[in-house]
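Numbering (my numbering), first residue to last: 573 to 825. Glycine included, each C-beta is placed from N, C-alpha and C at the ideal position. Just so we're clear, the structure is a prediction, and the values are computed from it rather than from any experiment. Read the structure below first, then the notes.
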């Protein structure tokens, strides 16, 4: 999965580079560069962890967990950077907490022991925190930067991913399957990356993060219908609370 993440970053850097050539930024100043370098650290760290979390835990648990956590981080930190929250958004944060707990419950009310031993929950939560920090970082970049931050973070990840994973020996040989799947993931992913970077430059960070939260809830439904993963009653209740939190955030602006 880490090797696939690296190949996807290579593909993303190439596509984003072509995009920047075709649509050059209106302005990319020194401050934008500094924030982009911070975003690079978060992006290069979170991408392998995101793919590992999807591999090691049920998608029906991991995807909504990191989605809701990544929603809550900008909501909590956003007011400190000038993105104040209204009453509806605060209610959304409150709903997100039980939603994560119920989604990770595997069909029953979660106990303290389940939460302590739930590797999918822990990894999904870590990915969510990193994604939330990445969202906050992109939101500090001026709108004139365009897709340049996406290009630089993808290009930087090509060098950083092997650097941070080498001590753990997580990189696998680049087999034909790894290259093919990395190419596919990279081509799909880079469109979302460019759109996300531009959206965070132009909109309220908490609201944009909430809109992104629709994707993993959709993933949970697809995992149930396509891959026949077991999604039980309490998890659907959690998904309902999560959907409510996302709607509150996305309509509050």
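So, using beta-carbon positions, are residue 620 and residue 704 closer together than 7 Å?
In this structure, residue 704 does not lie closer than 7 Å to residue 620 by Cβ.
According to the neighbour-count rule (16 or more other Cβ atoms, all chains shown, within 10 Å of its Cβ), is residue 627 buried or exposed?
Residue 627 comes out exposed.
Taking residue 765 as the reference, give the member of 804, 658 and 724 with the closest Cα.
Minimum Cα distance to residue 765 is reached at 724.
Give the straight-line distance between the Cα atoms of residue 809 and residue 669, rounded to the nearest whole angstrom.
So the two alpha carbons sit approximately 13 Å from each other.
Counting only the same chain and skipping the five closest in sequence on each side, list residues whose C-beta sits under 8 Å from that of residue 734.
Excluding residues within five positions, the ones whose Cβ falls inside 8 Å are 578 and 743.
Just the Cα atoms here: how many angstroms apart are residue 587 and residue 762?
Those two C-alpha atoms are separated by around 7 Å.
Which value, in whole angstroms, describes the spacing of the CA atoms of residue 748 and residue 721?
One C-alpha to the other measures close to 30 Å.
Do you know how far the Cα of residue 580 is from the Cα of residue 874?
A query on residue 874 cannot be resolved here, the shown segment of the chain reaching from 573 to 825 and no further.
Measuring alpha carbon to alpha carbon, tell me which residue in 820, 638 and 768 is nearest residue 709.
The candidate whose alpha carbon is nearest that of residue 709 is 768.
So what does DSSP say about residue 703, is it helix, strand or coil?
Residue state, collapsed to three classes: helix.
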